[in-house]
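Below is one structure, written out as structure tokens, with a few remarks after it.
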Amino acid sequence: MNVSVRLPERAALLLDMDGTLLDIAPTPADVVVPVELPLALVRLRARLDDALAVVSGRPVEQVYDLLGDAPYAIAGEHGAAIRHAPGEALERKSLPALPAPWIAQAERVASGYQGVLLERKAHGLVLHFRLEPQAGSALRQALLSIVGDANPDFVVMAAHMAWEVKPRAADKGRAVAALMARAPFAGRVPVYIGDDVTDEDGMRVAREQGGIGLRVQEAFGDAADVRAWLAALAAHS
Ligand SMILES: O=P(O)(O)OC[C@H]1O[C@H](O[C@H]2O[C@H](CO)[C@@H](O)[C@H](O)[C@H]2O)[C@H](O)[C@@H](O)[C@@H]1O
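The working numbering runs 635 ahead of the 1-based position in the sequence shown.
This is the structure we're talking about:
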């Protein structure tokens, strides 16, 4: 794909991870980080005076394990936790705990399928059905009956071949706002790139702050195209 996206002057890059920087893999543990990616991010980070963040649904620790300090800041669990700078302690939002009976119920649901994975997060859980796609709608119904469709604290959110129970108060829009309020992001033009439902909040806040929100599928094609674009930008740094 011929990508013609131009980075504005004084941009801040806010990048989703799975499906944007990394190709989607059969399971969350199977993702592969191409060797060139951290190198390109490090060069871009220098060009942007450190204003480069990864904003992920994964816990911050997992993003760090995969990308190290290539991104200056990392927002994890859809903004529930933010590491604002390399080596800094995590800033955690005060969020409700996932009720223990929900976890037990979700475990029971997952155990009814061979190919369904239950992923736990500090304030949520995910049922992955990529290995058993036909389970998708039954899993959604099961989670909705566990959580309810109007719970004030938690929501069942669609993700790529997965359903996630997450706190309503954690979203990528709030993560972008929190990042953009501090150095080295403050005063820059946010450019948010993402591919999933959860990324729509990040794109919206980037646009509200005078920046750009780009959907991978429309602006680039796929994650390999995003990486090629980042590598080209880095090469011209
Ligand atoms: O916000 P992101 O960085 O894009 O993270 C979103 C979710 O990514 C992971 O799940 C997704 O990617 C897996 C690996 O490619 C894939 O197997 C799965 O089907 C996708 O849903 C991760 O496991 C979740 O915790 C993230 O919320």
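Built from N, CA and C at the ideal position, the CB exists for glycine as well.
This one's a predicted model, so the numbers in the text were calculated from it and none came from an experiment.
Throw me the rounded Cβ distance for the residue i and residue j pair, which I believe falls under 8 angstroms.
i: A634; j: V824; result: Only positions 636 to 872 of the chain appear in this structure, which leaves residue 634 out of reach.
i: A732; j: L725; result: 17 angstroms between Cβ atoms; not a contact.
i: L814; j: A710; result: 6 angstroms
i: P802; j: H758; result: 5 angstroms
i: V638; j: D860; result: 6 angstroms
Taking the alpha helix (DSSP H) that residue i falls in, what are its first and last residues?
i: L702; result: V695 to L702
i: L762; result: Where L762 is concerned, there is no enclosing alpha helix (DSSP H), although the beta strand (DSSP E) it sits in stretches over G759 to H763.
i: G904; result: Because the chain spans 636 through 872 in this model, residue 904 falls outside it and cannot be assessed.
i: G837; result: D834 to E843
Taking 7 angstroms as the cut-off, is the CB of residue i close to at least one heavy atom of ligand 1?
i: G692; result: yes
i: A797; result: yes
i: M652; result: yes
i: P663; result: yes
i: I709; result: no
i: V761; result: yes
i: V800; result: no
i: D788; result: no
i: A660; result: yes
i: V670; result: no
i: R862; result: no
i: V782; result: no
i: D836; result: no
With respect to the beta strand (DSSP E) encompassing residue i, which residues constitute its N-terminal and C-terminal limits?
i: E799; result: A797 to P802
i: V850; result: The identity of residue 850 in the sequence shown is Arg, whereas the question assumes Val. Start and end: I847 to R850.
Under the rule that 16 or more other beta-carbon atoms within 10 Å means buried, what is residue i, buried or exposed?
i: D830; result: buried
i: D700; result: exposed
Every unbroken alpha helix (DSSP H) within the region 712–772, with a cutoff of 4 residues, ordered by chain = 735–746
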